[in-house]
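Note sheet for the following structure.
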Amino acid sequence: MEYYPTLVTLHIIFAGGWLISFITDSILKKSISNKKNISESKMLINLYLKVTNQLGMMGASGILFTGILMVILNPGYGFFSMSANHWLATKQTLMVVLLLIIFVFIIPTARKIRNELQNNMVTDQSFSEDIDKHLTKIYKLNTIVNLIVLLNFLFAITHRFIG
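In terms of numbering that gives the first Met the number 0, the sequence shown opens at residue 0 and continues consecutively.
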């Protein structure tokens with residue numbers, strides 16, 4: 000239990016990193032939509048995919064790792080136990096949903112966008128319908144992920160007050 004405060008601190012840092020993704024997501028989406036130059040838009044889309052990927056990987060893996068360790072180390076917590084800590088079981092369920100969204104939908108869609116961008120990067124032609132369709136899809140999915148992360152964050156900071 001002597002490492003528990005360190006785990007909590009790391010858990011909070013990883014959550015903060017993931018919440019930063021919420022802010023950068025909206026800024027980059029706005030920048031992409033405002034660009035008229037196709038090559039600049041392609042570079043911004045590439046940046047958007049890299050930033051959301053990096054922040055998402057760090058946040059998700061860090062939260063998952065520290066969260067599992069905290070549940071194992073704290074005898075008052077358990078996995079998916081609604082009887083004692085309904086807030087924690089809800090967070091864990093939302094995390095599973097989040098990981099499913101990431102692995103089943105976001106990663107394959109991001110790969111499709113990257114492949115299309117690499118094929119189209121040299122030319123200065125406009126986006127294909129596929130890129131627009133996949134970009135719209137990934138925007139919606141990232142918004143859903145960010146809302147789930149925000150909801151999990153709210154569960155974490157309010158569980159002591161709500162009981």
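Yeah, the Cβ is synthetic: ideal placement off N, Cα and C, and Gly gets one too.
Just so it is clear, the structure is predicted and the values come from calculations on it, not from any experiment.
Ser-38 burial status per 10 Å Cβ neighbour count (16 or more: buried):
Classification for Ser-38: exposed.
Test: Val-103 CB closer than 7 Å to a CB of chain D
No chain D appears in the structure shown, which is made up of a single protein chain.
For Ile-19, which of Trp-86, Ser-30, Leu-6 and Asn-145 has the nearest alpha-carbon?
Nearest of Trp-86, Ser-30, Leu-6 and Asn-145 to Ile-19, Cα basis: Asn-145.
Skipping 5 residues on each side, what residues in its chain have a beta carbon closer than 8 Å to that of His-10?
Excluding positions up to five away in sequence, the list reads Gly-61, Ile-62, Thr-65, Gly-66 and Met-69.
Is it right to say Asp-24 is buried, meaning 16 or more other beta carbons lie within 10 angstroms of its own, or is it exposed?
Under this definition Asp-24 is a buried residue.
Using 8 Å as the cut-off, can you tell me whether the region 131-146 makes contact with the region 97-107, which would need three or more C-beta pairs spanning the two stretches below that distance?
The region 131-146 is in contact with the region 97-107.
Please report the straight-line C-alpha distance between Met-94 and Phe-79, rounded to a whole angstrom.
Looking at the two C-alpha atoms, the distance is approximately 11 Å.
Among Leu-149, Leu-134, Leu-54 and Leu-153, which residue has its Cα nearest to the Cα of Lys-28?
With distances taken between CA atoms, Lys-28 lies nearest to Leu-134 out of Leu-149, Leu-134, Leu-54 and Leu-153.
May I ask which residues mark the beginning and end of the alpha helix (DSSP H) holding Asn-45?
Annotation for Asn-45: the continuous alpha helix (DSSP H) segment containing it runs 37-72.
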